[in-house]
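See below for the structure under consideration.
Protein chains in written order, with the UniProt record's numbering: chain A, 1 to 479; chain B, 1 to 479.
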């Protein structure tokens, strides 16, 4: 595999026409990003082009001091089968070989055990690049990818590109809490934008941005467009286009956090995936975050960030002085599996198996919920991801009793069913954080999040039966 | 192996006396650290104590969706032998097994492939804890360890515990550049403290701290005490005690970055390691950073941070919203190797082999340097690490020619020998950064760093011969 060219698309004559470059987003950069420099020691690498150069420059341990001399893994090919007897397996081995940070072939052991270059191992980047080209076909020329330690790491680095202390970020009104806790210690203020079942409302986003003072404009929007956490909603194609149009109109950066992209199970075409915001991006204003967490394993801590090359370079500089790069062992396993031992065919078979598995679990959850929860709460059938979001039909009398959501949650615990209470995903303004009581905060969010990814079918059924008992005991759905 | 108790030491009667707790360092915390909170979703874990609880809470993929079903490695036991025929090998295998985040046994595959807890896998933490207890015997009760993605990650998190934009950190006058580039984008100002061959000078540190204004006091000192990068110097026991005394006197935090701790090769007792600053710390003011980068492999991206438990908890919160934890695959390899397949005996044999290997390379470099460079430059024989630091004997006439160090460096490149020029390690004040020219900056640092860790013996010899030719051509050592 070679790094693909992304500078071509077809014009009206069917001839390849060059894509335009990304727009210059320099004016939006944070102070921290403007002050990022390459690691000084890495600037010496350019002198290594001379074949007769002897380097006493790099403070690297020699690979002869690395005790690992072979790394192997056994991988199950076919998740879609539940019959253990049908399982087939692939083996991969990472063997010793000379250090090489230029080859796009799956790396030898010496390359993955040594220090890297802040971008990820070339073969892993080649895989990421090919995935982006194949699935998202970016519409500007100078896009690039950089390895991250997963989307939590990627989000931190994306938000630090554009935000200093005191800046604000527009987020979905029900928001992934780790994103909020990433921003708050840095003094970055998340501001909630209203959603409907198709995600963030474009007009609400526009209104919020226009209300901000011009000396501290809002520059960044954080979105989970597919199988959103916690609501399970997926933005429709039209909604994505409308949000992108607002971003163009008001010169906003969109951070597209898309860990559930491959866990889509739409009605109709089973393998028809929604177009990403990146795929609509003609300007280079989308920072796309992807991860192997939900499609290979979270413990690999391996993901990638796609953006204009100038921004990717700043993320590389940030990597050099933080994580350096993801674990070489994780990268080696991904590279050998996806580029060699499985290849595209094995990868696609695996993804199809995953989608089949998640769809089955989603359908099972839906059947139980329709039987047990109809009338007690409302929900939208998720078309992606791993979450149902129950909006409780709270009776009027209960709504007057402050702290009722805390009591519903505690009653769930007593009944031995754990769901995540809605208030954990609520985004309060800095003023609300200090003025509202815990009871008031909880009552603002009469919702519960249920994951259908982890527990077995019979446990999911029992859990929903218990939840229904709790909601009935609070007279949900009456009046 | 169980997590050791660290609450006891022996008093004068030989009876165990309880150690005091760490002093409260809350007043020194940064705004960011004060605003760190636990990941909200992880606060639900406490409800999982009920055996009959069914959780739809955690948004985790089920381990049946992880394609990896076995992970194996082959490890070479005896680095000290250069004879391939003498090599012996150990194999390790990580097999499937139920998710368990409480056991201190080497983890099954399901545990390392799943999301972790921000602290590292229990067995890996148990190893770190035992190493700290055995080698450093902390002198306060409530110390703790947390896994990092290596010391670059650890340093970022340590400095962010105490420093906001505008704060200053005292550093060695010749300083590891990645540490400087970690701080500068965050608006944290490194201030150089004079060194001699035993490292940072305590009186110079005291003077600098006392000169700072009281509304923005200097609170943090960054040190590489053993085999310092770039000077190769190791702080003597007395120097360590003196620096710690200044830290106590002026209420400073010491960040002890010690990646070369195990690469010591002192004269006399070969395995007598210098006492760490942590081992002298009665107050809980030392943040100790260690890594497997130089003793197993950099590509594992696995290290650990030791500090009072309250500070470790804040680093855990920081992990939860950045790296989450090091790669589970890296952690699994370390845990199985060090706790099971090698155990302590294999680990000690490996470390002895490493020290033997580095000592041989150091001695070879020293012999060549004594033959070729005597008179041309000065250096101190390093007792640890991987670096020689050459202070050039620049003739008086050359010193008057601005930019001479740049010309010496370029001449080295022409002769095809790469060393790191001293200016890459120089710490300029913010004012100097803007007022000094590149030539002036380079001439402030008439030094070159040479690593003896990476190239083969004959290449090291050739490199030093070439360097000597360059230095003679500039008439170094004359006048």
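Heads up, the beta-carbon is just placed ideally off N, CA and C, and yes, glycines get one too.
If you measure from the beta carbon of residue 159 of chain A to each beta carbon in chain B, is any gap under 7 Å?
Stepping through the first chain from its first residue, residue 159 of chain A is reached at position 159. Not one chain B Cβ lies under 7 Å of residue 159 of chain A.
Of the choices B/187, B/402, B/421, whose alpha-carbon is the least far from that of residue 409 of chain B?
Counting from 1 along the second chain, the entry for residue 409 of chain B is found at position 409. Ranking the options by Cα distance to residue 409 of chain B, first place goes to B/421.
Using a Cβ cut-off of 7 Å (strictly closer), state whether residue 324 of chain B contacts chain A.
Within the second chain, residue 324 of chain B is the residue found at index 324, counting from 1. Interface residue, yes.
Which residues in chain B have a C-beta closer than 7 Å to the C-beta of residue 62 of chain A? List them in chain order.
Stepping through the first chain from its first residue, residue 62 of chain A is reached at position 62. Near residue 62 of chain A (Cβ distances below 7 Å), the residues of chain B are 453, 454.
Just the Cα atoms here: how many angstroms apart are residue 8 of chain A and residue 148 of chain A?
Here residue 8 of chain A refers to the residue found at position 8 of the first chain. Here residue 148 of chain A refers to the residue found at position 148 of the first chain. Low confidence applies to residue 8 of chain A: its pLDDT is 46, below 50, so where it sits in the model is not reliable enough to give any reading.
Span of the beta strand (DSSP E) holding residue 17 of chain A?
Taking the first chain and counting its residues from 1, the one referred to as residue 17 of chain A is at position 17. It spans 16-18 - the beta strand (DSSP E) in which residue 17 of chain A sits, taken as one unbroken run.
For chain B, check one thing: does any of its Cβ atoms lie closer than 7 Å to the Cβ of residue 255 of chain A?
To locate residue 255 of chain A, count along the first chain from 1; it is residue 255. Chain B contact via Cβ: absent.
Below 8 Å, can you find three or more Cβ-Cβ pairs linking the stretch 327-339 of chain A to the stretch 152-165 of chain A?
At 8 Å Cβ cutoff, the stretches do not touch.
Under 7 Å Cβ-Cβ, which residues of chain A neighbour residue 294 of chain B?
The residue given as residue 294 of chain B occupies position 294 in the second chain. Chain A residues near residue 294 of chain B: 61.
With a threshold of 7 Å between beta carbons, is residue 437 of chain B in contact with chain A?
For the purposes of this step, residue 437 of chain B is identified with residue 437 of the second chain, where counting begins at 1. Chain A, which has no Cβ nearer than 7 Å to the Cβ of residue 437 of chain B, makes this no.
Report the rounded CA-to-CA distance for residue 130 of chain A versus residue 452 of chain A, giving the unit in angstroms.
As a working mapping, residue 130 of chain A is identified with position 130 in the first chain. As a working mapping, residue 452 of chain A is identified with position 452 in the first chain. Near 31 Å, if we compare the C-alpha coordinates of residue 452 of chain A and residue 130 of chain A.
Taking the straight line between their C-alpha atoms, what separation do you get for residue 21 of chain B and residue 152 of chain B?
Start at 1 with the first residue of the second chain, and residue 21 of chain B comes out as number 21. Start at 1 with the first residue of the second chain, and residue 152 of chain B comes out as number 152. Cα to Cα, the separation comes out at about 28 Å.
For a contact defined as C-beta to C-beta under 8 Å, what are the partners of residue 418 of chain A on chain B?
Taking the first chain and counting its residues from 1, the one referred to as residue 418 of chain A is at position 418. Within 8 Å Cβ-Cβ: 44, 47, 48, 53, 54, 55, 56, 57.
Would you say residue 197 of chain B faces chain A, with C-beta separation under 7 Å as the test?
One-based indexing of the second chain puts residue 197 of chain B at position 197. No - not a single Cβ of chain A is within 7 Å of the one on residue 197 of chain B.
Grab the span of the alpha helix (DSSP H) containing residue 347 of chain A for me, first residue to last.
Working through the first chain from its first residue, we reach residue 347 of chain A at position 347. Start and end: 343-373.
If you drop the 5 nearest sequence neighbours on each side, which residues of the same chain put their C-beta closer than 6 Å to that of residue 321 of chain B?
In the second chain, counting from the first residue as 1, residue 321 of chain B sits at position 321. Excluding sequence neighbours, residue 321 of chain B sits near nothing in its chain.
Report the neighbours of residue 115 of chain B on chain A: residues whose CB is nearer than 9 Å to its CB, in chain order.
If you number the second chain from 1, residue 115 of chain B lands on position 115. Per Cβ cutoff of 9 Å: 293, 298, 299.
Could you confirm whether any beta carbon from chain A is found closer than 7 Å to the beta carbon of residue 2 of chain B?
Walking along the second chain from the start, residue 2 of chain B turns up at place 2. Note on residue 2 of chain B: pLDDT 36, under 50, position unreliable in the model; the coordinate value appears next. By this cut-off, residue 2 of chain B is not an interface position.
Can you tell me where the alpha helix (DSSP H) with residue 74 of chain A in it begins and where it stops?
Against the first chain, residue 74 of chain A aligns to sequence position 74. No alpha helix (DSSP H) holds residue 74 of chain A; the beta strand (DSSP E) holding it covers 68-76.
Secondary structure at residue 240 of chain B, three-state DSSP: helix, strand or coil?
In the second chain, residue 240 of chain B corresponds to position 240, counting from 1. If DSSP states are grouped into helix, strand and coil, residue 240 of chain B belongs with the helices.
The beta strand (DSSP E) with residue 254 of chain A in it runs from where to where?
What you label residue 254 of chain A is simply residue 254 of the first chain in a count that begins at 1. Here the beta strand (DSSP E) through residue 254 of chain A covers 253-257.
So what does DSSP say about residue 479 of chain B, is it helix, strand or coil?
Counted from its first residue, the second chain places residue 479 of chain B at position 479. Here residue 479 of chain B sits in coil by DSSP.
Using a Cβ-Cβ cut-off of 7 Å, state whether residue 424 of chain B counts as contacting chain A.
The residue you call residue 424 of chain B lines up with position 424 of the second chain. Interface residue, yes.
How would you list, in chain order, the residues of chain A whose beta-carbon sits under 8 Å from the beta-carbon of residue 459 of chain B?
Stepping through the second chain from its first residue, residue 459 of chain B is reached at position 459. Simply 54.
With 9 Å as the limit, tell me which residues of the stretch 230-254 of chain B have their beta carbon closer than that to any beta carbon of chain A; keep them in chain order.
Those would be 230, in chain order.
Looking at the secondary structure, which residues open and close the alpha helix (DSSP H) in which residue 115 of chain B lies?
Against the second chain, residue 115 of chain B aligns to sequence position 115. Where residue 115 of chain B is concerned, there is no enclosing alpha helix (DSSP H), given that its DSSP letter is neither H nor E.
Per the DSSP calculation, residue 230 of chain A is bridged to which residue(s)?
Counted from its first residue, the first chain places residue 230 of chain A at position 230. Paired residues: none, contrary to the question.
Going along chain B, which residues have a C-beta under 9 Å from residue 27 of chain A?
In the first chain, residue 27 of chain A corresponds to position 27, counting from 1. Here the premise fails: no neighbours, minimum Cβ distance about 18 Å.
Rounded to the nearest angstrom, how far is the Cβ of residue 54 of chain B from that of residue 462 of chain A, given a contact under 8 Å?
Taking the first residue of the second chain as 1, we reach residue 54 of chain B at position 54. Taking the first residue of the first chain as 1, we reach residue 462 of chain A at position 462. Right, the Cβ-Cβ distance comes to about 6 Å (below 8 Å), so this counts as a contact.
Secondary structure at residue 414 of chain B, three-state DSSP: helix, strand or coil?
If you number the second chain from 1, residue 414 of chain B lands on position 414. Helix.
Nearest-angstrom Cα distance between residue 184 of chain B and residue 178 of chain B?
Translated into the one-based positions of the second chain, residue 184 of chain B becomes position 184. Translated into the one-based positions of the second chain, residue 178 of chain B becomes position 178. Going by the C-alpha atoms only, they are around 10 Å apart.
So, is the C-beta of residue 303 of chain A closer than 7 Å to a C-beta in chain B?
Taking the first residue of the first chain as position 1, residue 303 of chain A is located at position 303. Not closer than 7 Å to any Cβ of chain B, the Cβ of residue 303 of chain A fails to qualify, so no.
With a threshold of 7 Å between beta carbons, is residue 153 of chain B in contact with chain A?
In the second chain, the residue the question calls residue 153 of chain B occupies position 153. Chain A, which has a Cβ nearer than 7 Å to the Cβ of residue 153 of chain B, makes this yes.
Put residue 430 of chain B into one of helix, strand or coil per three-state DSSP.
On the second chain, position 430 is the one that residue 430 of chain B refers to. Here residue 430 of chain B sits in helix by DSSP.
By Cβ distance below 8 Å, which residues in the same chain neighbour residue 70 of chain B in space, the five residues on each side in sequence not counted?
Translated into the one-based positions of the second chain, residue 70 of chain B becomes position 70. Excluding sequence neighbours, residue 70 of chain B sits near 93, 94, 95, 96, 109.
Looking at the unbroken alpha helix (DSSP H) that takes in residue 457 of chain A, where does it start and where does it end?
Taking the first chain and counting its residues from 1, the one referred to as residue 457 of chain A is at position 457. Residues 457-473.
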